[in-house]
Structure formats: C-alpha cells, structure tokens
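>
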DNA sequence: ACTTGACCTCAAGTTGGCTTGAAGTCGTAT
DNA sequence: ATACGACTTCAAGCCAACTTGAGGTCAAGT
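Protein chains in written order, with this note's numbering: chain A, 30 to 169; chain B, 30 to 169.
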C-alpha cells in the first residue's frame, strides 16, 4: 500500500497542507511516517478527511469530530451519542428548512412589508420555539 | 406602541445584552431611542432578532445577514439572491442529510471497520463530489 | 436625599480555526 | 556536485463574533 505525501493529499481531498498540519497538531489526524522531513500518509486518511469535512459542514467542531474517532482511527461512537447527534442534525435541518421557507415567502408574498405579514411572523415564531433560552442559558 | 428596554428584549429573544450592543455596533440592529442612558427598542425588533438567529443557525455571517435588510429595517433581498441563498441552504441540507445517513450507518452496519465498509465509503465519496476544491479554491 | 440596580461606555481579552512568513532541510533530476 | 522545489518548523497574525471588566450614569422607590 503506497503512501502519499501531503501534496497528493491536498490534491485529492481539497484540504490545504497548512490545514493538514494543523489537524495533526490538534490530534485529529496523523501521518504514518516521514520520508526525510516529509509527512507520509496512508491512503485511508482520505476517507477520514471526507468524514471530517462532512462533519464540519454539519457544524461540528474539530474537538467534537476528534471525539468520534477511537485510538486507531476507527469511527467509534456510542449508540446513544449517535442518536443525540442525529437528532441535533435533524434539528438543524428543520432550521434550515424554516429559513428557506422564509426566503421563499419573501420571494412570493405580495405584502408590502414582510416584517408585518402575519404568516411571515408565524414562521419565525415557530423557529423560536426551539430555543427558549430563558434567564440562565447553560453556557456549558 | 410601548418600547422595551434591553432586559426585556433579552428575556423575550434569548439574545444577551452584550450581543445586542454588539449587533448595534456593527449596524445590524438599532435602538429607537434612549431613556436616560438606556436603549429603548421597538417591539418589532423581536421579529428581526428571530430572523437573525435563524439565519445564523443557517450559517450566514452577520455581514451577510445585514445585507438582507434595507435601510428602514425591511427585509429586502433581490430575487436572484434569494434563489442563490435558497440553493445554498438546499446544499447544506443535503450535506447534513449525508452526515445523518453516515451516522445511521455507523449505528446499524455490522462491519467490523466502517472506514473500510464499501457502502460507507460510497456515502463519503458522494459527499465529496460537491467540493472538488482543486488547486486554487476561489477564496473569494 | 439616598440607595439600588439596571443599565451604560470603552478597551481589552477570548475562542476556534486556520494562514502567513521567515528560515531551514531534503530527495531527485541534471 | 549542485540546484530545484516541495516540503519542514515555529511563532505570530488574523477574522468573526462575542464576552468581560472596570468604572460611570441615572430613574425610581423609600
């Protein structure tokens, strides 16, 4: 199984060298060995990078993403956490859908002022219900 | 129409005073007047804040969000931009869906190593197709 | 008249996720 | 043997989006 150096990884994953080094620095990925000074990667890192990119697009932090992998690079998430994360994603999808609906409303509704259009307001209120964020939000 | 002060806005929107002041500083919202030193807001700011919160959840930057409002606080987006943004959101939804599918796969697939499971890899490759990001990504 | 507490300003600090720059190291092709 | 170019390190810088802290103001209640 031939190894790839950082330039090839960049070319095939779209992730910049500086980013790859940064990911390594924070422990998210690792290069398997060096050829001289040069990092050498196993091809399977590409799969991992796809996953990282995807999870980032899903709004997960690098720390959260790192927590999805076990020692030897295997994806290892306890079932309960998977359910939680999946729910979280569903939540995000709902928000995005709401946002898209709002945009479509703006495109289509003939009301002079959207901000006062009742159906517009209803859409927004609906999206609020998911984040009551009362007095002391658990800022974690 | 009675005015609200910052504490009430916080209570009803879940947006902290420091954040509200920051939003004002960057021109995203404005308080209509002062009572002594205290900012007074029109109740309709709450609708605007809902929209801001929603758009933020959709991954839009404050600058982009600011661009969606006209001078007098009305939502004013050229149709073409609405289409673009809606497409962008659809894109994000697809990514999130892919991510959720990956998670479900991990929960269900009996393969010893997901990273090598062909159907797992297929899902990831599919998500890659959307961001080829060749040599010089147009960093805008 | 005084106290209280919710607000205020302004500058500086924080976090996450990178990027940039200067200076150095190597393997490969000539 | 030398030059080239792709890599390397390390520290510092950058951006967005806030948050924090010190010190100040003010209206309303007693």
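Each residue gets a CB set at the ideal place from its N, CA and C atoms; glycine is no exception.
Everything numeric in this text was worked out from a predicted model, so none of it was measured.
Within 7 Å (strictly less), CB to CB, does residue 153 of chain B reach chain A?
Closer than 7 Å to some Cβ of chain A, the Cβ of residue 153 of chain B qualifies, so yes.
> Comparing the C-beta of residue 136 of chain B with each C-beta of chain A, is any distance below 7 Å?
So yes, residue 136 of chain B belongs to the interface.
> Measuring alpha carbon to alpha carbon, tell me which of A:84, A:147 and A:46 ends up nearest residue 118 of chain A.
Closest option to residue 118 of chain A, Cα to Cα, is A:84.
> Whose C-beta lies closer than 6 Å to the C-beta of residue 131 of chain A among residues of the same chain, with five residues either side of it excluded?
Counting only Cβ-Cβ distances below 6 Å, and skipping sequence neighbours, we find 152.
> Can you find a C-beta in chain B that's less than 7 Å from the C-beta of residue 48 of chain A?
Judged by the 7 Å Cβ criterion, residue 48 of chain A is not in contact with chain B.
> Compare the C-beta of residue 95 of chain A with all C-beta atoms of chain B and state if any pair is closer than 7 Å.
So, not an interface residue.
> Does the structure place the region 36-44 of chain A close enough to the region 63-83 of chain A that three or more beta carbon pairs sit under 8 Å?
Yes, since at least three Cβ pairs between the region 63-83 of chain A and the region 36-44 of chain A fall closer than 8 Å, the two stretches touch.
> Could you tell me which of B:35, B:75 and B:97 sits nearest to residue 67 of chain B, measuring between CA atoms?
Checking every option, the nearest Cα to that of residue 67 of chain B belongs to B:35.
> Restricting to Cα atoms, I'd like to know which of A:121, A:143 and A:37 is closest to residue 217 of chain B.
Shown here, chain B extends from 30 to 169; a query on residue 217 of chain B therefore has no answer.
> Quick check: what's the CA-CA separation for residue 92 of chain A versus residue 106 of chain A?
About 14 Å.
> Can you check which of these residues, B:140, B:124, B:116 and B:78, is closest to residue 103 of chain B by C-alpha distance?
Ranking B:140, B:124, B:116 and B:78 by Cα distance to residue 103 of chain B puts B:78 first.
> Could you give the distance in angstroms between the alpha-carbon of residue 161 of chain A and the alpha-carbon of residue 39 of chain B?
With a pLDDT of only 49 at residue 161 of chain A, under 50, the local geometry of the prediction cannot be trusted, and the value read off the model is given with reservation. Approximately 11 Å, taken between the alpha carbons.
> Buried or exposed: which applies to residue 55 of chain B, given that a residue is buried once 16 or more other Cβ atoms fall within 10 Å of its Cβ?
When all chains shown are included, residue 55 of chain B counts as exposed.
> Mind checking whether residue 156 of chain A and residue 127 of chain A have CB atoms under 7 Å apart?
A contact, by the Cβ cut-off of 7 Å.
> What are the partner residues of residue 179 of chain B, as DSSP defines its beta bridges?
Since the first residue of chain B shown is 30 and the last is 169, residue 179 of chain B is not available in this structure.
> Please give me, in chain order, every unbroken run of the alpha helix (DSSP H) with length at least 4 that falls completely inside the region 110-157 of chain B.
Listed in chain order, the complete alpha helix (DSSP H) runs (minimum 4 residues) inside the region 110-157 of chain B are 147-157.
> Determine the direct distance from the alpha carbon of residue 101 of chain B to that of residue 145 of chain A, and round the result to whole angstroms.
In a straight line, the C-alpha of residue 145 of chain A is about 13 Å away from that of residue 101 of chain B.
> Quick check on DSSP: helix, strand or coil for residue 32 of chain A?
Reduced to three states, the DSSP call for residue 32 of chain A is coil.
> If we ignore side chains and look at the alpha-carbon of each, how far apart do residue 164 of chain B and residue 139 of chain A end up?
Because residue 164 of chain B carries a pLDDT of 35, less than 50, the predicted location of this residue cannot be relied on, and no value is offered for it.
> Are the beta-carbon atoms of residue 136 of chain B and residue 108 of chain A separated by less than 7 Å?
For residue 136 of chain B and residue 108 of chain A, yes; Cβs fall inside 7 Å.
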